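Q: Note that the sequence shown covers residues -3 to 173 in the numbering used here.
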Amino acid sequence: MVARGTAVSVLAVTRRQIESMEKHSPNGVLTPYMKIAAVNIRNMVKGGVRLMVSTDAGVENPVLLAESPTLVSDTIDARVKLGEGHFNALVALEEAGMAPMEILASATSNIARAYKVDRELGTLERGKIADLVMLDANPLESARNYRRINAVIKDGKVVDLGALPVAPVISRLKAKP
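1. For Arg46, which of helix, strand or coil comes out of DSSP?
2. When the Cα atoms are used, what is the spatial distance from Ala92 to Val45?
3. Any beta carbon from chain B within less than 7 Å of Ile107's own beta carbon?
4. Going by other Cβ atoms of all chains shown within 10 Å of its Cβ, with 16 needed for buried, is Ala108 buried or exposed?
5. Between the C-alpha atoms of Arg11 and Met94, what's the straight-line distance to the nearest angstrom?
6. State buried or exposed for Lys153, treating a residue as buried only when at least 16 other CB atoms are found within 10 Å of its CB.
7. With a threshold of 6 Å on Cβ separation, who are the neighbours of Ala8 within its own chain once the five nearest residues in sequence on each side are excluded?
8. Taking the C-alpha atoms as reference points, what is the distance between Ala139 and Phe83?
9. Any idea which residues DSSP pairs Ile145 with across the strands?
10. Leu160 to Asn106, Cα distance in whole Å?
Here it is in structure tokens:
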């Protein structure tokens, strides 16, 4: 993979998410696989494999979520709230030992390169398409800082962050006593 420059899409989860799966999963089916995946990701990071942050999560059915304590726990988030999964994947890559600039590339330029659109986007360069996410804290100091979004510029316009969709039904499910 390294010699060929092959990018690998990873579904990285944090240690905290794995612990939550162990605690809340009724049959523990996913936990062993997630632990193996975490080891594999650490090995790819050590080996210098070009990684891409990705997800297989979609919009979930709130009724099914209500019946699954694993998905409605206080630490599982990618499947419960829109827009959360990638933040955790970035933290998981940090936990796996990935360098801060490589973490940033895993969510930007590595993806553009893999899809062969890196001449048009993926990095901040003159003549390229560039939507911007401005943060209140340096993500190179901690991947958790990617959550600290101050502003977003999409297609040259500031995005009203308060108008973005959320999953209120699922949020109510999480609040159950």
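Heads up, the beta-carbon is just placed ideally off N, CA and C, and yes, glycines get one too. These numbers come from a predicted model, not from an experiment.
A: Reading off the structure:
1. Strand at Arg46.
2. C-alpha of Ala92 to C-alpha of Val45: approximately 13 Å in a straight line.
3. Given the protein chain composition of this structure (a single chain), no chain B is represented.
4. Buried: at least 16 other Cβ atoms inside 10 Å.
5. Counting only the Cα atoms, Met94 lies some 15 Å from Arg11.
6. It is exposed - the Cβ of Lys153 has fewer than 16 other Cβ atoms within 10 Å.
7. Scanning its chain for C-beta atoms nearer than 6 Å, with the 5 sequence neighbours on each side dropped, one finds around Ala8 the residues Ile37, Ala85, Ala88 and Leu89, in chain order.
8. Answer to the nearest angstrom: the Cα atoms are 8 Å apart.
9. DSSP lists Leu131 as partners of Ile145.
10. Whole-angstrom Cα-Cα distance: 26 Å.
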